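Enquirer: Take the sequence shown: its position 164, counted from the start at 1, is 164 in UniProt numbering, and no numbers get skipped.
Pasting a structure below so you can have a look.
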Amino acid sequence: CICWFMKEKVGGGLSGGPNQDKSLLYVHKHADSHRAESHDAPLEVNPDRLYFVTDPAATLCHRSLNPRRGSSNKPMCEINPLHPQPSTLELAVPLTEPALSPIYLHADWLSTALQSFDKTMSISAITRAPTGTKEHDVILTLTTKTVLVQSRLGAPVLLDCSFWANPSSPLTGTGFAVEWRYQFRGDGRLVLAYDGKSDRLSHTGEEGATLDFEALHGRGNASLILQEAKVHHSGIYICSVYLPYLQAQVAMELQVVEPPSLSIHPSPLPLTAQGQTINIQCEASGFAPLSLDLHWEFKGADGKTKVLGSGSLSSHRQLWDGTYTQSSRLELDTADLGRAGEVACVGVHPGGTRRVSVEINLIGFSSPSIEDSMAMVGVALVLYGLIKLVSWSFSGSGNNKTSLHFPLWLLWCDHESFNVYEIRHMFPLSLCSGSDEAATQQKVK
């Protein structure tokens, strides 16, 4: 693994700052696998920066740290010299026993930070080599596989952090301590602190934050559990593990992401004459983080979509739970929209794209559709048939008065007596009288 060895420049002022040497790590699980004399440093690597590392836990041998040959994605690796010293942190002070011989500390110590080529895993490793040698043993590794976590609002969150301590080191037999800290835009706070030596949770600064203590002591699993994600949980979390005189830490980011809920007012839209202006408002609420792109679209009856812009946007307002709300008001000119369609409010957010739509129907100033034309033709045919029927009733030969009321004879005349009943006084007909009974019978037939 190619790494950059970081060392301080000699001098201060503007000429100061870190100096980088390209280094090379050869990592094996077993010490007898190393044959230092068989490895030559590449031309771009300083021979003094060639290190042979034994990692019994094989943490540094993870496949994500070894990309395919020729791949442009390379793991990130940085090496810093380390000088072990007692911790001043309150919960880690008891780990440093005065009786512990400092002779073990007189060696060459390195702190190595690595990130996988796919940026899904970060590792912090502390190694030790006898003074003047290049053969290092891993003493402590700290790993996270949740470099970036996204969570919905209200969901449980697990921030992964696990450590391995070399049991052959005298520094691993006197206990450990775990600390979780939070940072966001320059502000920081202590989330949780645990003293593994006395099995005591010394501080809990965040409600709902806890550890799996059985897994912590059994497997070195120091993962932080947040029972319910809230907006103020978004930020950088730093997991630190302390051994006597040693400290390793890894950082990860949590993003609490909640997409907006959209609503349109008024809904449904009132009928509007073409050419008039409609005022429509879209309300986006309950979203986090703040980034949101609100805009309007119109989809016509022909299926084509037209972007109408963002309208008049309001400022953001923060709600009680930390989420945000924003609205957009659109003055929609219906002159060029056709006779019908759909108006949609679209919200593009890191949590996903949301849309809500409402139908719009315009009246007047537009040609009828095919369906309307067919309906009008049908109505015209029915009216034409009625007119022909009435015309046929009026066009019979003989007495116009008789022909005029012919349809009523069948309803109001009796075939036996041919007399008109209750409405006879309303229709003064001579047909149903007894004066011309034979003619009446012939007409009824």
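For every residue, glycine included, the Cβ atom is placed at its ideal position computed from N, Cα and C.
As the structure is a computational prediction, the values presented were derived from the model and not from experiment.
What residues match up with Val-356 in a beta bridge as DSSP calls it?
Expert: Your numbering for residue 356 matches position 356 in the sequence shown. Partner(s): Cys-345.
Enquirer: For Ile-103, tell me which candidate among Ser-111, Pro-170, Asn-80 has the shortest Cα-Cα distance.
Expert: In the sequence shown, the residue the question calls residue 103 occupies position 103. Each of Ser-111, Pro-170, Asn-80 was checked against the Cα of Ile-103, and the nearest Cα belongs to Pro-170.
Enquirer: Do you know whose CA, among His-233, Cys-239, Gln-274, lies nearest Gln-255's CA?
Expert: Translated into positions along the sequence shown, residue 255 becomes position 255. For the residues His-233, Cys-239, Gln-274, the minimum Cα distance to Gln-255 belongs to His-233.
Enquirer: What whole-angstrom Cβ distance do Ala-229 and Leu-262 have, given they're in contact under 8 Å?
Expert: As a working note, residue 229 is residue 229 in the sequence shown. As a working note, residue 262 is residue 262 in the sequence shown. Contact doesn't hold; Cβ gap of about 22 Å is too wide.
Enquirer: Would Leu-105 and Pro-84 be called neighbours here (beta carbons separated by less than 8 Å)?
Expert: Your numbering for residue 105 matches position 105 in the sequence shown. Your numbering for residue 84 matches position 84 in the sequence shown. Yes, the Cβ-Cβ distance between Leu-105 and Pro-84 is below 8 Å.
Enquirer: In terms of residues, what are the limits of the beta strand (DSSP E) holding Phe-52?
Expert: As a working mapping, residue 52 is identified with position 52 in the sequence shown. Segment 50 to 54, the beta strand (DSSP E) holding Phe-52.
Enquirer: For a minimum of 3 consecutive residues, which ranges assigned as the beta strand (DSSP E) are wholly contained in the UniProt domain "Ig-like" (260 to 361)?
Expert: 261 to 265, 277 to 287, 293 to 300, 305 to 309, 324 to 333, 340 to 349
Enquirer: Run the CB neighbour count on Asn-279, radius 10 Å, all protein chains shown included, and call it buried at 16 or more, exposed below.
Expert: The count along the sequence shown starts at 1 and reaches residue 279 at position 279. With fewer than 16 Cβ atoms within 10 Å of its Cβ, Asn-279 is classed as exposed.
Enquirer: If you draw a straight line from the C-alpha of Asp-302 to the C-alpha of Gln-276, how long is it?
Expert: Translated into positions along the sequence shown, residue 302 becomes position 302. Translated into positions along the sequence shown, residue 276 becomes position 276. Roughly 21 Å separates the two Cα atoms.
Enquirer: Does the stretch 242 to 252 touch the stretch 132 to 150, meaning 3 or more C-beta pairs lie closer than 8 Å?
Expert: yes
Enquirer: Within 10 Å of its beta-carbon, does Thr-88 have 16 or more other beta-carbons around it, so buried, or fewer, so exposed?
Expert: Translated into positions along the sequence shown, residue 88 becomes position 88. Per the 10 Å Cβ criterion, exposed.
Enquirer: Hey, quick one: how far does the beta strand (DSSP E) through Leu-171 stretch, first residue to last?
Expert: Taking the first residue of the sequence shown as 1, we reach residue 171 at position 171. From DSSP, Leu-171 is part of no beta strand (DSSP E); its letter is neither H nor E.
Enquirer: Specify, as a first and last residue, the run of the beta strand (DSSP E) that Leu-159 falls within.
Expert: Residue mapping note: residue 159 aligns to position 159 of the sequence shown, counting from 1. Segment 157 to 159, the beta strand (DSSP E) holding Leu-159.
Enquirer: Return yes when the Cβ of Phe-163 is within less than 8 Å of the Cβ of Gly-218, no when it is not.
Expert: Against the sequence shown, residue 218 aligns to sequence position 218. Against the sequence shown, residue 163 aligns to sequence position 163. The answer is no: Cβ separation not under 8 Å.
Enquirer: Out of curiosity, what's the CA-to-CA distance linking Val-286 and Leu-332?
Expert: In the sequence shown, the residue the question calls residue 286 occupies position 286. In the sequence shown, the residue the question calls residue 332 occupies position 332. Looking at the sequence shown, residue 286 is not Val but Gly. Rounded to the nearest angstrom, the two C-alpha atoms are 26 Å apart.
Enquirer: What would DSSP say about Lys-22, mapped onto helix, strand or coil?
Expert: Here residue 22 refers to the residue found at position 22 of the sequence shown. Note: Lys-22 maps to strand in three-state DSSP.
Enquirer: With 16 other CB atoms within 10 Å as the buried threshold, where does Asn-73 fall?
Expert: Locating residue 73 in the sequence shown gives position 73, where the first residue counts as 1. Looking at its Cβ environment, which holds fewer than 16 other Cβ atoms inside 10 Å, Asn-73 is exposed.
Enquirer: Could you please give the first and the last residue of the uninterrupted beta strand (DSSP E) stretch that includes Gly-235?
Expert: Residue numbering aside, residue 235 sits at position 235 when the sequence shown is read from its first letter. That run of the beta strand (DSSP E) goes 235 to 243.
Enquirer: Terminal residues of the continuous beta strand (DSSP E) containing Leu-110?
Expert: Translated into positions along the sequence shown, residue 110 becomes position 110. Taken as a continuous stretch (DSSP letters only), the beta strand (DSSP E) holding Leu-110 covers 108 to 115.
Enquirer: Less than 6 Å between C-beta atoms, sequence neighbours within five positions excluded: which residues of the same chain meet that for Ala-155?
Expert: Counting from one through the sequence shown, the residue named residue 155 turns up at place 155. Cβ neighbours of Ala-155 beyond the five flanking positions: Ala-229.
Enquirer: Report, in whole angstroms, the separation of the C-beta atoms of Lys-197 and Gly-173, which I expect to be a contact under 8 Å.
Expert: Residue mapping note: residue 197 aligns to position 197 of the sequence shown, counting from 1. Residue mapping note: residue 173 aligns to position 173 of the sequence shown, counting from 1. No, Lys-197 and Gly-173 are not in contact; Cβ-Cβ is about 11 Å, not under 8 Å.
Enquirer: Quick check: the Cα distance between Ser-291 and Phe-184, rounded to an integer number of angstroms?
Expert: Counted from its first residue, the sequence shown places residue 291 at position 291. Counted from its first residue, the sequence shown places residue 184 at position 184. Cα-Cα distance, rounded: 17 Å.
Enquirer: Quick one: is Ser-267 buried, meaning 16 or more other Cβ sit within 10 Å of its Cβ, or exposed?
Expert: Residue mapping note: residue 267 aligns to position 267 of the sequence shown, counting from 1. Ser-267 is exposed by the Cβ-count criterion.
Enquirer: What span of residues does the alpha helix (DSSP H) with His-62 cover, start to end?
Expert: Translated into the one-based positions of the sequence shown, residue 62 becomes position 62. Looking at the DSSP string, His-62 is not in any alpha helix (DSSP H), and its letter there is neither H nor E.
Enquirer: Within its chain, find whatever has a CB closer than 7 Å to the CB of Pro-350; leave out the 5 residues flanking it on each side and keep chain order.
Expert: Translated into the one-based positions of the sequence shown, residue 350 becomes position 350. Closer than 7 Å at Cβ, skipping near neighbours: Val-257, Pro-289, Ser-291.
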